[in-house]
Amino acid sequence: MDFSLLLNAIIAGLLLGGFYAAVTVGISISFGMLDVVNIAHPAFIILGSYIAYIVNANFGVDPIVVSIVALPAFYLLGAGIYQIFYVSFEKRGQDSLRGLAFFFGLLFVTEVVLVLVFGVDYRSVDASYIGASLRLGPLEFPYRMLVPCVTSLIMFAGLQIFLGRTFIGRAVMAVSQDPLALRLMAVDPTRIKRIAFGISIATASLAGACLIIIQPVIPSVGRDYIGRIFAICVLGGLGSLPGTLIAALLLGVIESITSTFYGPSWAPAVSFGILLLTLAVRPSGLLGR
């Protein structure tokens, strides 16, 4: 076995895993902490990609910068969507299947709108670092993968600090476990959930910019990540951000090594096989409670 080829495959896998973490963190918050199965999350990631594309194509602004500026708008969008979901389903005590149908509908409506506006042609962005690589001896770090990975790690660090060291952050982690305790502390669980869901959608802005840096996008490409997103969320342990990050890096490395030595078609089978094996041994996931 070529040792340098293996090292480069591991590096590529870690960088890919960093991107997977960025696209999964929103689901980890909504599904793992709020018990809201937002199957439409990939559609908001693609929306973030197209916003980055529009501004980059017209003004030449870096996609990451665009996504940071768009964070408040995505947060408000998420808060509004949760309010509709709450009034229509949670407040009425509707079963989770109807809520899931709501998000499925949101997924396809968003895709159809993007198709009508942008068509089905692939769209990409332009940045000085796309196509370049950092080389350290035999090791290669493509910037189109390195920049999204670093962006994802910074986002994870910021969210972990927010959740662990602020009152609202701790309330978010507690809201699905004991909403009555929050009420006794004069905290409205619905407001906390609205804030948390807004944050989960805001992460889609950064994830969308990372995606369009890595590859060209079309409106339906988000569906390619639905299974992988939920697999990483479950593998890491529902609601555990460190677990989500570890699971994303693990699956990224497994997919990269499998693709390098056995072909890309084997990568999903092997990664999901690892998921099933892990859950058979530890059903709560890697860092689940």
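Heads up: the sequence shown runs through residues 5 to 293, numbered per my numbering.
Just so you know, even glycine gets a beta-carbon here, dropped at the ideal spot from N, CA and C.
If you're wondering where the values come from, they're calculated on a predicted model, not measured in any experiment.
- Secondary structure note for Leu210: its alpha helix (DSSP H) is the uninterrupted segment 193–218.
- Rounded to the nearest whole angstrom, the C-alpha separation of Ser137 and Glu144 is 6 Å.
- Within the same chain, Cβ atoms closer than 6 Å to the Cβ of Thr262 are found at Trp270, Ala271, Val274, the five residues on either side in sequence being excluded.
- Within a 10 Å sphere around the beta-carbon of Gly21 sit 16 or more other beta-carbons, which makes this residue buried.
- Between the alpha carbons of Gly97 and Pro193 lies a gap of roughly 15 Å.
- Taking the Cβ atoms as the reference, Ser34 lies roughly 4 Å from Ser204, within the contact range of under 8 Å.
- If you look at Arg232, you'll find it in the alpha helix (DSSP H) that goes 230–240.
- In chain order, Ile236, Leu239, Gly240, Leu290 place their CB closer than 7 Å to the CB of Ala251, counting only its own chain and leaving out the 5 sequence neighbours on each side.
- Annotation for Pro287: no alpha helix (DSSP H) segment contains it, and DSSP assigns it neither H nor E.
- C-alpha of Arg187 to C-alpha of Arg174: approximately 14 Å in a straight line.
- At a Cβ-Cβ threshold of 8 Å, Phe160 and Leu253 do not count as neighbours.
- In this structure Thr207 is buried. Its beta-carbon is surrounded by 16 or more other beta-carbon atoms within 10 angstroms.
- The Cβ atoms of Thr248 and Ser32 sit closer than 8 Å to each other.
- Between Met37 and Ser132, the C-beta spacing is not below 8 Å.
- The beta carbons of Ile233 and Val27 sit about 6 Å from each other, so the pair counts as a contact at 8 Å.
- Remark: fewer than three beta-carbon pairs, one from each stretch, lie closer than 8 Å, so the stretch 7–22 and the stretch 36–56 are not flagged as touching.
- Sorting Ala284, Leu81, Ile222 by C-alpha distance to the C-alpha of Leu118 places Ile222 at the top.
- Scanning the stretch 114–183 from its first residue to its last, the whole alpha helix (DSSP H) runs of 4-plus residues come out as 147–169, 171–179.
- In chain order, Ile55, Ser209 place their CB closer than 6 Å to the CB of Ala74, counting only its own chain and leaving out the 5 sequence neighbours on each side.
- For the pair Gly256 and Leu9, the Cα-to-Cα distance works out to about 16 Å.
- Secondary-structure assignment with DSSP links Val221 through a beta bridge to Arg127.
- Note that the C-beta distance between Ile196 and Ile172 is below 8 Å.
- Distance from Ser92 to Phe106 at the Cβ level is roughly 7 Å; contact confirmed, criterion being Cβ atoms closer than 8 Å.
- Around the beta carbon of Arg198, 16 or more other beta carbons lie within 10 angstroms, which makes this residue buried.
- Looking from the CA of Pro220, the closest CA among Gly52, Ala44, Cys153 belongs to Gly52.
- Inclusion of Ile216 and Pro46 in the CB contact set at 8 Å is not warranted, their separation being larger than that value.
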